[in-house]
Amino acid sequence: MLAGLDPEQRSAVTAPAGPVCILAGAGTGKTRAVTSRIAHRALTGDISARHVLAVTFTARAAAEMRARLTGLGVGGVQARTFHAAALRQVRYFAPRLLEGRAMPELLDSKVRVVTLAAAKVGLRADRAAARDLAGEIEWAKSSLVEPGEYVVAAAKALRETPHEPAKVAEVFAAYERLKRGNGVIDFEDMLRAAVWGIEEHADVAEQVRGQYRHFVVDEYQDVNPLQQRLLDAWLGGRDDLTVVGDASQTIYSFTGATSSYLVDFPRRHRNATVVRLVRDYRSTPQVVGLANAVISQARGAEARLRLELHGQRPPGPEPELRIFTDEPAEANAVAARCRALVDGGTPAREIAVLFRTNAQSEAYEKALTEAGVPYVVQGAERFFERPEVRQAMVALRAATRSIPGETPLPAAVVEGLAAVGWAPDAPPAGGAARERWEALAALLQLAEEYAATPEVVPIGEAAAIERPVSLSDFNEELARRAAQQHVPTVEGVTLASLHSAKGLEWDAVFLVGLAEGTLPTTYAKTPEQVEEERRLLYVGITRAREWLWLSYAAARSPGGRARRPSRFLPQLDRSGGGERAGAGAARRTERRRTQVVSCRICGATLLAGADRKLGRCPTCPSDLDEELYERLREWRQRVAGAQKVPAYVVFTDATLTALAERKPGRTEELVAIAGIGPRKLGLYGDTVLALVAGAGVDDVCPQKSFEI
């Protein structure tokens, strides 16, 4: 248990019973430390695993914690989110607390009821406005603020309210009345109900506290006042509590989360053991060094718990800083580099493009589409709430009536998904259609993984057999995952806001739009708000394992007003216009990388990725060699068939068009076409040049079994 731990992790694991505060920097193995602590205490007889409640903030983190504990030989620990734990307790005690009445239905989303509440007070709210109002109500309820207290509380908290505060308070009050009238509750009500059940009913408190005697709270810097009150109710004055957090990753104060409970933990618990985990096993020393440089400038209460990380991985490439003329140029450059990384063997799922606001996503969706790179928008819509996924789940349930039970699960899923028009060998080009295709492909991948773990069925006291999983079993697994929001991995470059990226990591990370006014946002007016923006950048940097790109555009649009780089980038030379300090060669390289491409027909500047690839304006006449294009298409189809990959993996249609228009005769001309990097040049370069020179497809692919 202890042999594989570093000294700091071992101190956390072996700390005595009582209040323990683990300050864990990004990538320092906090999950390993906390699960090892639980397992060590259970296996040494200090505690019983069934008396432990470990609380996380995501179902994914809770599932990972349970899996690790099982791997350590400890079962029975309850690892749940705050909401899942509260819901379980409220449902259990509902017959007693409600005196036989049915438990109110739980709202999945506030938006619909908030829209009705806004109308009740004479305020028209579209879906976006209703989401803003719902977020404000959620902040108030998480902060233990009632409708009549909202105006004063919002002023004290310097809230940027979506409407005049008094009007928001009216909507809040109307929302509460509508909920009660319709017999429904929201997630904050559920937490309050759990608190009320314990605080106001001695028998409930005795039973809950008898069941749960040892508590672990992950991401403690993200706890809000309502969650802390529930934790205090569970504890009931006891102090066997282990909290894990990093004040430098406090980025959710707008939702009501506060790091004050983490910062003040040693003061609230005078006999607390405090352990600092500072060995970073996730990122290269180069990435860790930049993260340290950014957070070293932090100020305020959270900075008192600042950790200086020490990278444990072998050295890697230096983080890259890129400066572009405008945002379209930045997006196109990012897409081109993503294409090169994928062509070089980096899985698309191990690449992320991170930005400050969701509105920045559109430019990167467009650029990646033009580059033929699949992508997934993180947090835009919950996976199991996507229309195509919901339709697919309905189709799979219906398929159990027509597909024989002995059909292997992957084949059954493919047949079931055919009802919604999905086929495994027909992925569309990049963009929204490709994103939908990838979402359903993730269901098939999940089925293949699920089929690899047959069910063990006992047939006697000492014997058992393995039963292959059926489509019905898989549908039950999907329903369970949907209830817990335990989503499968979808293949594609991740596009995500910095907030939604927290807790995740990738091999390669692009941090884009790092300009004043975007990061920090113009809405960050107080020192505390500015510091939270700094921590956002810190979180983004620490998502990268090996390769990190930071960039900003000098103007939002071509010819637009000039912008300054983010004040949080310490390696920038402020007097030199934002380029790397003391790096003349780097500046020359940057100018080469950002030079404008001109149309080879009319000479106009080209900005869009597809136009730059073709080397001409979309309005200029095409000089496509149709006969060459058809030969290239036939060759691509044969290669894709031999490799058993979709055709676009070999070359996209846009790349074939560029080849048939530009007709490169030399290697230098070939690599000048976007989408043809070193890997594809090595695989296909000579063949493509031969085809352009007039060779037939049979000359370069003499047999249908042609393989690379």
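If you read the sequence shown in my numbering, its first letter stands for residue 8, the second for the next number, and so on.
By construction, the Cβ of each residue, glycine as well, lies at the ideal position given by its N, Cα and C atoms.
Predicted model, so just to flag it, every value in this text is computed and none were measured.
Starting from T501, trace the beta strand (DSSP E) both ways and give me its first and last residue.
Counting along the chain, the beta strand (DSSP E) containing T501 begins and ends at V500 to S504.
Suppose the cutoff is 8 Å on Cβ atoms and the five residues either side in sequence are ignored; what does the same chain contact list for G190 look like?
Excluding residues within five positions, the ones whose Cβ falls inside 8 Å are P111 and E112.
Can you tell me whether T51 is helix, strand or coil according to DSSP?
Coil.
Would you mind reading off the limits of the alpha helix (DSSP H) that contains D139?
Its alpha helix (DSSP H) spans residues R134 to S149.
Please name the residue in R166, Q16 and G82 whose C-alpha comes closest to that of R57.
Selected option, being the one with the closest Cα: G82.
Considering only DSSP beta bridges, list what V719 is partnered with.
Here the chain covers residues 8 to 715 and nothing more, so residue 719 does not appear.
So, does the stretch 351 to 366 touch the stretch 500 to 519, judging by three or more C-beta pairs under 8 Å?
The answer is yes - the stretch 500 to 519 touches the stretch 351 to 366, with three or more Cβ pairs under 8 Å.
For S55, I'd like the list of residues in its chain whose CB is within less than 6 Å of its CB, leaving aside the five on either flank, ordered along the chain.
Closer than 6 Å at Cβ, skipping near neighbours: no residue.
I'd like the list of long-range same chain contacts for A470, defined as Cβ closer than 6 Å, with 5 residues on each side in sequence excluded.
With a pLDDT of only 49 at A470, under 50, the local geometry of the prediction cannot be trusted, and no value is derived from it.
Spatial neighbours of G648 within its chain, please: CB distance less than 6 Å, with the 5 preceding and 5 following residues excluded, ordered by chain position.
Excluding sequence neighbours, G648 sits near nothing in its chain.
Kindly indicate which three-state DSSP category E512 falls into: helix, strand or coil?
Looking at E512 - three-state DSSP - the assignment turns out to be coil, as it is neither helix nor strand.
According to DSSP, which residues form a beta bridge with S558?
BP columns for S558 point to R329.
Can you find the residues in the same chain that come closer than 6 Å, C-beta to C-beta, to V175, ignoring five residues on each side of it along the sequence?
Cβ within range, chain order: E143 and T168.
Could you check how far apart the C-beta atoms of F100 and V211 are, in whole angstroms? I think they sit under 8 Å.
Right, the Cβ-Cβ distance comes to about 5 Å (below 8 Å), so this counts as a contact.
Tell me the rounded alpha-carbon separation between S290 and T280.
Straight-line Cα distance between these residues: approximately 28 Å.
Since G524 sits in a beta bridge, which residues does DSSP pair it with?
Its beta-bridge partners are T528.
Between the Cα of V401 and the Cα atoms of L478, P527 and D333, which residue gives the shortest distance?
Here the closest residue by C-alpha is L478.
Tell me whether the stretch 194 to 209 and the stretch 33 to 48 touch, counting them as touching only if at least three CB pairs, one residue from each stretch, are closer than 8 Å.
No, they do not touch.
Could you check where the beta strand (DSSP E) with R283 kicks off and where it finishes?
Unbroken beta strand (DSSP E) run through R283: T280 to L284.
Specify the secondary structure class of P653 as computed by DSSP and reduced to three states.
Correct three-state label for P653: coil.
Under 8 Å, with one C-beta from each stretch per pair, do the stretch 254 to 269 and the stretch 209 to 229 reach the 3-pair mark?
Yes, the stretch 254 to 269 is in contact with the stretch 209 to 229.
Given a cut-off of 8 Å on the beta-carbon distance, is the pair V282 and L269 in contact?
Cβ distance not < 8 Å, so V282 and L269 don't count as in contact.
Name the residue from Q650, W642 and A19 whose alpha carbon lies nearest to the alpha carbon of D660.
If we check each option's Cα against that of D660, W642 comes out closest.
Please go through the same chain and pick out, in chain order, the residues whose beta-carbon is closer than 7 Å to the beta-carbon of T353, but skip the five residues on each side of it.
So the list reads D514 and A515, once near-sequence residues are dropped.
Strictly by DSSP, which residues pair up with L30?
DSSP output for L30 lists G252 and R283 as bridge partner(s).
Where does V380 fall in DSSP's three states?
Three-state result, V380: coil.
Keeping to the same chain, check which residues put their C-beta closer than 8 Å to that of A342; ignore five residues upstream and five downstream.
Contacts found: Y371, A374, L375, E377, A378, V380 and G616.
What number of angstroms, rounded off, separates the C-alpha of L9 from the C-alpha of R17?
If you take the alpha carbons of L9 and R17, they lie about 6 Å apart.
Just reading off the beta strand (DSSP E) that L60 is part of, what are its end residues?
Looking at the DSSP string, the run of the beta strand (DSSP E) that includes L60 is V59 to T63.
Near Y157, which residues of its chain fall below 8 Å by C-beta distance, leaving aside the five closest residues on each side in sequence?
The answer, listed in chain order, is A147, P172, V175, A176 and F179.
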